[in-house]
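Residue numbers (our numbering): 1 to 588. Even for Gly, the Cβ is constructed at its ideal location relative to N, Cα and C. Just below is one structure, and these are the notes that go with it.
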């Protein structure tokens, strides 16, 4: 992966460049100082000027034939250590020389004289030698030759060293640039990778590692970074697992959970709590609790919990779009590891159904007590009368005994219905489910009430399909449910009326239908007729021996068999009850 160069890289690289530039400047300064020594061309011009000066000095004596003074040319020219002068006469003999032993040969003289007035250069073992020859006019046409030579080893070496130093300085500068780039990148590249890896980890990529194989401090830092990343990944994974477990627990709870911080801002709200308080959980996080719900009891109980730093329990009635409900609020403070208060949590229980069941239970107990009290009181009164008055006439005694019998039968029926209802509502229902032909329990129920219909001048019609209707059920329970519907129809259908008992199929369901032409049921009563002990006409029901449990038994039998029961009725026009049960398949 290619990464752009960091600021640290440029800082380090700039330091290297400054050091390199300083060293290069010093080298160039030294080189320039060395190059300020006379060059070969300058030495040649100097040598030529000296030769011309000497020719003027020597020429006057040469023409006059006078020898040079014993002190030589010291008054006008002082020879340097690297310079020698040789004078040749017309015959080619050395007339005078500063270094006789090193005087030029005749061939050198002739070569130099051929280019008289021009400085020549010849290489030597120690450097180079510049030489120039000038003719000397003599008497009677005999001319001589002046040869001036100079060793230029020092100047040549200085110039050569200066050039080499310049080249070396430039080469060192270029090499140092590359070396500085390499060294700077060697330091900054791992740091840059650490920066990128740290940014990736901060963004959630906890698998990122450096794996820099070095033995210096940067390698140690890389290993420490990878170790820190591994521990961070493990801890984040642990925290994530724990958080997911908590969210799964909160999400699967049937209770609502709301957590707030010390400022009463929502930290967490599960779906159930959002539904109960009329808020959106995701949109509520970070907002004040009193901003997201209209249920005043919730922010109030949380505020009191935060203020007192102790748990509270309250119950409130909520009126919502989906109907009224009763909420039980259990709030508790939240503390950190140091025991400091950091927030509060409230658990919301929808106890509407529980309160309704408690009300039903109270009503049930009251109704059972009332229903049992009536026959028991009647039996007790008549028995006490018979016992206290042994001389009572036989006709009155028989009438009292008949009433005792009727009340006893009513009490027996009531207890029997209660036991049946208790058995149906038990965990397993007390049913022995098996494949049966639904026509059989319906025939049995109709047969049991056929005689009663004749006695009350009510026609009972049975309509069954020709083919078997197979369901999985308890034949005795289904017969009892059908019998209860028939019993109610006969009780509330006047003489001359009709009752139809039908069995038909509708897609994947079997429909047991009991229709009558009785007094009918009002719309308000239709909502409650399946409740225990509920009677449309209490006086008529007691007169006919009803217990108010028959339709409740029908409802529980239908539900226990995977079906349901419905009613359609109009007052003075009759009623139609339907039991819907799932079909298994045709009979074989």
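message: Would residue 314 and residue 329 qualify as a contact pair, given that the criterion is a beta-carbon distance under 9 Å?
response: Going by C-beta atoms, residue 314 is nearer than 9 Å to residue 329.
* **the region 171-182 in contact with the region 109-128 per 3-pair CB rule at 8 Å** => Touching, no.
Quick test of your reading: residue 130 and residue 43, contact by CB under 8 Å. State the CB separation rounded to the nearest angstrom. 6 Å
Alpha carbon of residue 266 to alpha carbon of residue 549, nearest angstrom = 49 Å
State the start and end residues of the unbroken alpha helix (DSSP H) segment that holds residue 526.
523-526
- Item | Neighbourhood of residue 577 by C-beta distance below 6 Å, restricted to the same chain and skipping five residues each side | 485, 514, 567
Exercise. Residue 502 lies in the beta strand (DSSP E); which residues open and close that run?
Worked result: 498-506
*asked:* Rounded to the nearest angstrom, what separates residue 306 and residue 316 at their Cα positions?
replied: 19 Å
ask   = Does DSSP put residue 404 in a helix, in a strand, or in coil?
value = Helix at residue 404.
With burial defined as no fewer than 16 other Cβ atoms inside 10 Å of the residue's Cβ, what is the status of residue 288: buried or exposed?
-> With fewer than 16 other beta carbons inside 10 angstroms of its own, residue 288 counts as exposed.
### Three-state secondary structure (DSSP) of residue 531
coil
Close Cβ partners of residue 446 (< 6 Å) along its chain, the five nearest in sequence each way excluded | 462, 501
### Message
I'd like to know whether the C-beta atoms of residue 520 and residue 560 end up nearer to each other than 9 Å.
### Response
Not in contact: residue 520 and residue 560 (Cβ atoms no closer than 9 Å).
Item to complete: Tell me whether the beta-carbon of residue 208 lies closer than 9 Å to the beta-carbon of residue 201.
Response: yes
Residue 148 bridges to which residues according to DSSP?
85, 132
Specify, as a first and last residue, the run of the beta strand (DSSP E) that residue 436 falls within. 434-437
By Cβ distance, which residues of its chain are closer than 7 Å to residue 236, with the 5 residues on each side in sequence left out? 206
**Prompt:** If you draw a straight line from the C-alpha of residue 193 to the C-alpha of residue 258, how long is it?
**Reply:** 43 Å
- Query: Under a three-way DSSP split, which group does residue 240 fall into?
  - Reply: Helix at residue 240.
- Where does residue 333 sit, in a helix, a strand or coil, going by DSSP? strand
ask   = Can you check whether the CB of residue 256 is closer than 9 Å to the CB of residue 350?
value = yes
query = In angstroms, rounded to a whole number, what distance separates the CA positions of residue 395 and residue 376?
reply = 23 Å
Original post:
Can the beta-carbon of residue 476 be found closer than 9 Å to that of residue 441?
Top reply: yes
Considering only residues of the same chain and omitting the five flanking positions on each side of residue 495, which have a CB-CB separation below 7 Å?
-> 456, 457, 458
Check: In three-state DSSP terms, what is residue 155?
Finding: Legend: pLDDT at residue 155 = 48, less than 50; position of this residue unreliable, value from coordinates given subsequently. It is helical.
- Would you decide whether residue 302 is buried or exposed? Buried here means 16 or more other CB atoms lie within 10 Å of its CB. buried
Which value, in whole angstroms, describes the spacing of the CA atoms of residue 282 and residue 339?
29 Å
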